[in-house]
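Asker: Chains as they are written, first to last, in the numbering used here: chain S, 192 to 329; chain X, 3 to 101; chain H, 3 to 121.
Note that beta-carbon positions come from the ideal geometry of N, C-alpha and C, so glycine has one too.
#1: Which of the three DSSP states, helix, strand or coil, is assigned to residue 38 of chain H?
#2: Using a Cβ-Cβ distance under 8 Å, would residue 101 of chain X count as near chain S?
#3: Step through the CB atoms of chain S and report whether any lies within less than 8 Å of the CB of residue 87 of chain H.
#4: Is the Cβ of residue 84 of chain X closer than 8 Å to any Cβ of chain H?
#5: Output, in chain order, the set of chain X residues within a Cβ distance shorter than 7 Å of residue 242 of chain S.
#6: According to DSSP, simplified to helix, strand and coil, what is residue 87 of chain H?
#7: What does the alpha-carbon distance come out to for the pair residue 8 of chain X and residue 307 of chain S?
#8: Which residues does DSSP pair with residue 5 of chain H in a beta bridge?
#9: Using a Cβ-Cβ cut-off of less than 8 Å, give me the residues of the region 8-36 of chain H that come near chain X, in sequence order.
#10: Closer than 8 Å, Cβ to any Cβ of chain H: which residues of the region 197-210 of chain S, in chain order?
#11: Could you please give the first and the last residue of the uninterrupted alpha helix (DSSP H) stretch that includes residue 334 of chain S?
#12: Whole alpha helix (DSSP H) runs in the region 221-271 of chain S with 4 or more residues, listed along the chain?
#13: Going by DSSP in three states, residue 217 of chain S sits in which element: helix, strand or coil?
#14: What are the boundary residues of the alpha helix (DSSP H) that residue 71 of chain H is part of?
#15: Report the neighbours of residue 33 of chain X on chain H: residues whose CB is nearer than 8 Å to its CB, in chain order.
#16: Just the C-alpha distance for residue 32 of chain X and residue 56 of chain X, rounded to the nearest angstrom, thanks.
This is how it looks when you write it as structure tokens:
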């Protein structure tokens with residue numbers, strides 16, 4: 192029996208590549224991974240946005256309106272609604288001129304979530320990298 | 003944390019590497035990442051090679067592919083094969099990060 | 003012997019990361035390690051059998067089939083494949099299709115995970 196912790200680290204901006212979004216959809220898949228696992232095993236993901244990857248978390252994305260595709264913002268909210276923690280690096284937000292009120296922080300418009308986005312230092316992310324079993328950089 | 007970090011790009015992800023700390027850090031240069039081992043832009047070595055405490059490796063196949071040989075490689079960098087990388091990630095390091 | 007899981011999101015043509023993944027898998031299996039591979043995003047280009055080898059493009063189908071024959075477990079993201087028009091009947095023999103939770107589940111038991119997610 193094991194609860195394996197995974198850290199999904201998104202370091203690239205959204206949309207040009209689908210890969211940052213795939214970080215979110217893969218993290219969400221932790222909800223159903225049990226069908227492939229032994230009884231008692233589980234995976235516990237956290238999604239972290241660092242570097243230029245913090246641009247994924249800018250709110251008011253209109254990808255559905257413009258290109259007809261689900262926005263990265265919606266996937267972030269989907270994670271929050273299923274208790275997948277979302278962290279955003281404070282230093283990188285500052286470097287890119289982003290304030291907390293510009294970042295997706297909750298999923299109230301989708302019915303609400305128990306958890307909200309955490310704004311963390313890179314030192315916190317480093318600690319998490321050390322404590323998880325596997326790192327998945329996107 | 004014993005981390006094997008793969009760099010496959012010449013630019014873009016060095017800042018992530020710069021910030022990561024590890025008790026034991028191996029930087030494995032593959033794909034276009036091998037340019038960090040052989041190019042001296044403006045006469046200066048790649049800043050990647052100044053990562054404190056890191057051990058550097060470059061994949062021989064990817065050097066050959068791009069017209070370089072072990073003779074061109076910075077003295078800090080060890081040239082390795084695919085089999086060597088398997089040994090590194092299974093025996094020397096606990097986690098991997100493809101940056 | 004260790005179990006290595008490689009997750010790849012890179013395209014067959016336009017990136018050499020898939021070539022890297024199959025060569026690393028080959029080297030690991032030659033040393034007796036078990037290898038699992040997850041193909042997602044543009045890496046699902048491998049989920050189409052009958053790929054023709056041209057010298058100007060990466061060609062990995064032959065190597066992949068060899069590795070499957072030697073016991074490598076390889077699964078592609080079903081949704082990523084369907085989105086690109088690669089259907090169940092297109093899949094090379096021995097390759098599986100599943101949703102992303104297959105990959106997540108593999109992380110529990112595997113000794114090492116090499117996740118090639120950035121391009």
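Answerer: This is what the structure gives:
#1: strand
#2: yes
#3: no
#4: yes
#5: 17 and 18
#6: coil
#7: 32 Å
#8: H:36
#9: 18, 19, 22, 25, 26, 28, 29, 30, 32, 33 and 35
#10: 197, 202, 203, 208, 209 and 210
#11: Outside the shown range of chain S (192 to 329) lies residue 334 of chain S, about which nothing can therefore be said.
#12: 254-258
#13: helix
#14: 63-71
#15: 18, 19 and 22
#16: 16 Å
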